[in-house]
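Here's the structure, in structure tokens; my notes come after.
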Amino acid sequence: MSVKNDSKNGITEFVFAGFDNVERPLTVGVVMLILYILTMIANTTNIGFVIMDKHLHQPMYIFICHLAIVDMVYCTSSCPTMISILLVGYKTISYKPCMVQMFAFHYSSSLEMFAIAVMAFDRFVAINRPLQYNSLMTNFRCVLIIISLWLVVASVLSMLPASIAPLPVCYSTVKYMFCDYVSVTRVTCAEPEKYFNDAFILTTCMIFGTFSFICLSYVKIVIVVSRMTSNSDKKKAIHTCLSHIIVIFCFYVPTFTRILIRIGVVLTLEERNGLMVGSIIGPSLVNPFVYCFRTKEIRNKLFKIFSKVQPVVKRKQ
Numbered sequence: 090m091s092v093k094n095d096s097k098n099g100i101t102e103f104v105f106a107g108f109d110n111v112e113r114p115l116t117v118g119v120v121m122l123i124l125y126i127l128t129m130i131a132n133t134t135n136i137g138f139v140i141m142d143k144h145l146h147q148p149m150y151i152f153i154c155h156l157a158i159v160d161m162v163y164c165t166s167s168c169p170t171m172i173s174i175l176l177v178g179y180k181t182i183s184y185k186p187c188m189v190q191m192f193a194f195h196y197s198s199s200l201e202m203f204a205i206a207v208m209a210f211d212r213f214v215a216i217n218r219p220l221q222y223n224s225l226m227t228n229f230r231c232v233l234i235i236i237s238l239w240l241v242v243a244s245v246l247s248m249l250p251a252s253i254a255p256l257p258v259c260y261s262t263v264k265y266m267f268c269d270y271v272s273v274t275r276v277t278c279a280e281p282e283k284y285f286n287d288a289f290i291l292t293t294c295m296i297f298g299t300f301s302f303i304c305l306s307y308v309k310i311v312i313v314v315s316r317m318t319s320n321s322d323k324k325k326a327i328h329t330c331l332s333h334i335i336v337i338f339c340f341y342v343p344t345f346t347r348i349l350i351r352i353g354v355v356l357t358l359e360e361r362n363g364l365m366v367g368s369i370i371g372p373s374l375v376n377p378f379v380y381c382f383r384t385k386e387i388r389n390k391l392f393k394i395f396s397k398v399q400p401v402v403k404r405k406q
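Note that our numbering gives residue 168 to position 79 of the sequence shown, counting from 1, and the numbers run on in steps of one.
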């Protein structure tokens with residue numbers, strides 16, 4: 090029997106209770122606001138560098154821009170809500186915006202892992218077939234891959250709001266910090282375990298699927314590098330991959346930690362919330378700085394900008 094979501098219980102808004110036990114909400118909110126602003130500025134700067142410099146209109150930098158856009162969407166899907174709760178005390182959200190936030194959060198987090206996987210494939214092609222790289226990985230094909238990812242992930246993730254939307258709402262209090270699949274499912278009248286298991290299977294398949302693809306790409310990269318006779322070529326290949334390896338580490342370590350918690354590790358609500366916040370802001374903040382300081386072209390552009398600014402400051406003094 091199908092049920093549709095209606096207002097029989099008179100519940101049209103939800104109240105977030107995830108930060109109710111935080112001792113210094115203002116301090117936590119200010120720190121989170123600063124980190125969020127830094128994340129947005131750093132990612133926007135990376136995108137700006139690539140757009141303004143025609144020499145950077147290459148596949149690798151297109152994928153860096155794509156990752157930066159996904160990071161910004163990922164943070165924006167949840168951070169403004171958490172910051173407003175902590176700083177202003179605004180804890181309510183309507184049903185439809187809650188559903189939109191839930192979809193945006195899971196959509197962007199899924200895009201993040203696929204973006205990292207595509208970058209691993211790009212590095213594999215660059216190292217395994219350097220002479221054919223420009224013909225295989227054209228800018229048009231990179232954009233086509235990115236658009237395909239957005240469409241495919243959207244079609245797969247649409248099952249999350251579609252599975253919850255028909256369920257009647259029984260509770261107005263959300264025990265978490267923003268609307269994600271778990272928090273929205275818990276406010277419905279349905280038994281949540283079935284829905285949790287279905288979502289867990291879907292997300293686990295995507296996580297381990299992308300991670301396995303990344304590992305396979307790097308196994309092949311290691312094989313290719315080990316066969317190189319020139320030490321300079323080996324160092325260049327390792328340097329090319331090191332930034333991406335840091336990005337992989339920053340994203341998948343907290344992601345796998347959350348999976349272990351789902352399987353059976355017991356944490357308090359505050360510890361779960363802290364892990365969730367760290368897994369959202371951490372990678373999105375680290376990624377742009379990794380590519381700023383470890384990518385030669387972007388790093389040189391930064392140095393040129395600062396070298397032009399310093400003489401102007403000295404003259405004014």
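The beta-carbon is built from N, C-alpha and C at its ideal position, and this holds for glycine as well. This structure is a prediction, so every number in the text was calculated from the model and none was measured.
- Ranked by how close their Cα comes to the Cα of S166, the residues Y380, S373 and F138 have S373 in first place.
- Non-local C-beta neighbours of L122 in its own chain, meaning closer than 8 Å and more than five positions away in sequence, comprise I172 and L176, ordered along the chain.
- Under the three-state reduction of DSSP output, E112 falls in the coil class, being neither helix nor strand.
- For S167, the secondary structure class from DSSP, reduced to helix, strand or coil, is coil.
- Following the DSSP letters along the chain, one finds E102 inside the beta strand (DSSP E) bounded by residues E102 to F105.
- Excluding its 5 nearest sequence neighbours in each direction, V379 has C-beta neighbours in its own chain below 7 Å: S332, I335 and V336, listed in chain order.
- Contact between the region 216-229 and the region 240-251 is not established, with fewer than three Cβ pairs separated by less than 8 Å.
- By alpha-carbon distance to V207, the top candidate from G107, M191, S237 and P186 is S237.
- Here DSSP, grouped into helix, strand and coil, assigns V366 to helix.
- E201 is a Cβ neighbour of V159, given a cutoff of 7 Å.
- Secondary-structure assignment with DSSP links V311 through no beta bridge to anything.
- Contact between F105 and K185 does not hold, since the beta-carbon distance rounds to 16 Å and is not under 8 Å.
- Between the region 266-281 and the region 123-142, the count of C-beta pairs closer than 8 Å stays below three; the two stretches do not touch.
- Residues of the same chain with a CB within less than 8 Å of the CB of N228, apart from the 5 flanking positions on each side, are H146, Q147, P148 and I151 in chain order.
- Under a 10 Å Cβ-count criterion, F103 is classified as buried, with 16 or more other Cβ atoms of the shown protein chains found around its own Cβ.
- Of the residues T277, V366, C259 and I234, the one whose Cα lies closest to the Cα of I253 is T277.
- Linking S319 to A326 through their CA atoms gives a straight-line distance of about 11 Å.
- Shown here for Y270: same chain residues with a beta carbon closer than 7 Å to its own, the five before and five after excluded, namely M191, H195, L249 and A288 in chain order.
- Nearest neighbour of D211 by Cα position, chosen from C187, F297, V162 and K309, turns out to be K309.
- Look at V177 here: in three-state DSSP terms it is coil, with no helix or strand label.
- Per DSSP, the unbroken alpha helix (DSSP H) holding S224 starts and ends at Y222 to L225.
- A Cβ-Cβ contact shorter than 7 Å links V375 with C339.
- Where F267 is concerned, there is no enclosing alpha helix (DSSP H), because DSSP gives it neither an H nor an E.
- For I182, the beta-bridge partners assigned by DSSP are F103.
- Taking a contact as a CB-CB distance under 8 Å, the pair C187 and V258 does not count as one, their CB atoms being some 10 Å apart.
- In this structure, M266 is the residue among K143, M266 and L358 with its C-alpha nearest to the C-alpha of I174.
- Closest in alpha carbon position to R316, among I216, S183 and C294, is I216.
- The beta carbon of I136 sits closer than 8 Å to those of C154, A157 and I158, all from its chain and outside the five residues before and after it, given in chain order.
- For L246 and K264, the gap between their C-alpha atoms comes out near 23 Å.
- Per DSSP, the unbroken alpha helix (DSSP H) holding V241 starts and ends at N228 to L246.
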